[in-house]
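Numbering (the numbering used here), first residue to last: 8 to 217.
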Amino acid sequence: MKKGFIAFGLLIIFLLPLATAAVDFEEGKEIYEDDCLSCHGPEGAAKKGAAVDFSSQNYWDKTTEEEVKQIIKNGKNGMPAFDLTSEENEKLVEYMKAMAKNELTQRNMLILHGITLALLLIFPAYFHFDSLKTCLASSLILSASAILGFITIIGPLQFFTIFNTIVLLITVIFAILSIKQNEWVKKNYLKVLRPIVLVLFIYGLTLVFT
């Protein structure tokens, strides 16, 4: 019985922050819909030409949360000041930032799928297995993973980030299996790492200069 109470208490401690975060998110959404929706649109993509598009991760890469709070508080470039408490301002900015997280997820998905595709094209032996069935399954899944990376950005699946995450997890599992089963990978791991490091380096440069 005592262990049951302890487990229940730990569960409450774990779930309480999640519940609080959900409430804060909903309150931030309500404030946004009341004060910001008419100019910035439901997804933050700016209905009017002068309005800032904060659904883009590029905006948050160059602007701090504190700067956004000051703009909300004091107004800027034709945008009026809003009489919000510091707590309301905090919740609003958190909600606004959440709009860009989907784009950031998509950007990361694309680079990860791109790495998968690069490995398939440059080092096909990396995904060869001792078992023919495993090899065929791996090729199909990894090829689908690479293609879905691009569909995620331009097609109807662009918001199915959970689906793409599952595909990527499967990709990682197969990659780990290949390392365990494939002697080529063990002997040529440096060759495998080179394109990954190169792609990540190029990706890092794009983040810095965009």
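The beta carbon of each residue, even a glycine, is placed where N, CA and C say it ideally should be. Just so we're clear, the structure is a prediction, and the values are computed from it rather than from any experiment.
Query	Result
Less than 8 angstroms separating the beta-carbons of E34 and K98?	yes
Kindly provide the ranges of any beta strand (DSSP E) runs that are 3 or more residues long and lie completely inside the stretch 35-112, ordered along the chain.	none
Is the Cβ-Cβ distance between V100 and K76 less than 8 angstroms?	yes
Let me know if V107 comes out buried or exposed under the rule of 16 or more other beta-carbons within 10 Å of its beta-carbon.	Residue identity check: residue 107 is Ala in the sequence provided, not Val. The residue in question, A107, is buried, as its Cβ has 16 or more Cβ neighbours within 10 Å.
Please classify S93 as buried or exposed, where buried requires at least 16 other C-beta atoms within 10 Å of its C-beta.	exposed
Can K52 and S62 be called in contact, C-beta distance under 8 angstroms?	Before going further, note that residue 52 is Ala rather than Lys in the sequence given. Yes, these two residues count as a Cβ contact at 8 angstroms.
Using a threshold of 7 angstroms, is the CB atom of P49 nearer than that to any non-hydrogen atom of the ligand ADP?	Because no ligand of any kind appears in the structure shown, any question about the ligand ADP cannot be addressed here.
Leaving out five residues on either side along the sequence, give the residues of the same chain with a beta carbon under 7 angstroms from the beta carbon of N96.	K76, I79 and K80
On a Cα-Cα basis, can you pick out the residue from D60, M103 and M86 that is closest to E73?	M103
If contacts are defined as beta-carbon pairs under 8 angstroms, then F89 and D42 qualify, I think. What distance do you get, rounded to the angstrom?	6 angstroms
Tell me the rounded alpha-carbon separation between W67 and E40.	20 angstroms
Just how far apart, CA to CA, sit M86 and T70?	17 angstroms
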